[in-house]
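Only one structure is covered here, and it is reproduced in the block below.
See below:
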């Protein structure tokens, strides 16, 4: 009689839900997305770029410097002085030596300011310095 009572109790136990594989899967997905995320550093302002029919898309990580319509210079969402462009670009290139530097100048900004910013980038050691442009609407 004792054996039948024990077997009835064993059959009445509720099945448990094992969530360990689910937790493992969530952690693996989290690590996957963290590793594959591309962190883009924005310039800090929105500019109206000039158009160019020969404009191409830059796919690799790059250092962005923006020039506003009133010739203020922005990098990594903060305003910097023209004299500080070289130091800021040197710091950014120390983090990623192969990065291209892209100057995003508003189409109403001064050409002289854009040239001075590009010159500061080259003095900082940037090999690939470009001026950003948009493709025309018809292309």
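Residue numbers (my numbering): 84 to 222.
From the three backbone atoms N, C-alpha and C, an ideal C-beta is built for every residue, glycine too.
Original post:
By DSSP, does residue 109 sit in helix, in strand, or in coil?
Top reply: For the purposes of this step, residue 109 is taken as residue 26 along the chain shown, with counting starting at 1. Helix at residue 109.
Original post:
Looking only at its own chain, which residues have a Cβ that is under 7 Å from the Cβ of residue 209, when we skip the five neighbours before and after it?
Top reply: Residue mapping note: residue 209 aligns to position 126 of the chain shown, counting from 1. So the list reads 172, 176, 184, once near-sequence residues are dropped.
Original post:
Is the stretch 194–202 close to the stretch 148–166, with three or more CB pairs under 8 Å?
Top reply: yes
Subject >> CB of residue 214 within 8 Å of CB of residue 186, strictly >> reply: Start at 1 with the first residue of the chain shown, and residue 214 comes out as number 131. Start at 1 with the first residue of the chain shown, and residue 186 comes out as number 103. It is a contact, given that the beta carbons lie within the stated cut-off.
Original post:
How about residue 118 and residue 148: do their beta carbons lie closer than 8 Å?
Top reply: For the purposes of this step, residue 118 is taken as residue 35 along the chain shown, with counting starting at 1. For the purposes of this step, residue 148 is taken as residue 65 along the chain shown, with counting starting at 1. Cβ distance not < 8 Å, so residue 118 and residue 148 don't count as in contact.
Original post:
Where does residue 145 land, buried or exposed, given buried means 16+ other C-beta within 10 angstroms?
Top reply: What you label residue 145 is simply residue 62 of the chain shown in a count that begins at 1. Label assigned to residue 145: buried.
Subject >> Span of the beta strand (DSSP E), counted from its first residue to its last, around residue 165 >> reply: Counted from its first residue, the chain shown places residue 165 at position 82. Counting along the chain, residue 165 falls outside any beta strand (DSSP E), and DSSP gives it neither H nor E.
Original post:
Can you pull the DSSP bridge partners for residue 158?
Top reply: Residue numbering aside, residue 158 sits at position 75 when the chain shown is read from its first letter. Answer is 148, 161.
**OP:** Please confirm whether residue 150 and residue 192 have their CB atoms less than 8 Å apart.
**Re:** The residue labelled residue 150 in the question sits at position 67 within the chain shown. The residue labelled residue 192 in the question sits at position 109 within the chain shown. Contact: yes.
**OP:** Give the range of the alpha helix (DSSP H) segment to which residue 77 is assigned.
**Re:** Outside the shown range of the chain (84 to 222) lies residue 77, about which nothing can therefore be said.
Subject >> Per-residue burial, residue 99 [other beta carbons within 10 Å of its own, 16 or more giving buried] >> reply: For the purposes of this step, residue 99 is taken as residue 16 along the chain shown, with counting starting at 1. Per the 10 Å Cβ criterion, exposed.
Original post:
If you count every other CB in all the chains shown that lies within 10 Å of the CB of residue 200, and 16 or more means buried, which is it?
Top reply: Walking along the chain shown from the start, residue 200 turns up at place 117. The residue is buried, with at least 16 neighbouring Cβ atoms inside 10 Å.
**OP:** Could you please give me the residues that DSSP links to residue 214 through a beta bridge?
**Re:** In the chain shown, counting from the first residue as 1, residue 214 sits at position 131. Note: residue 214 sits in a beta bridge opposite 186.
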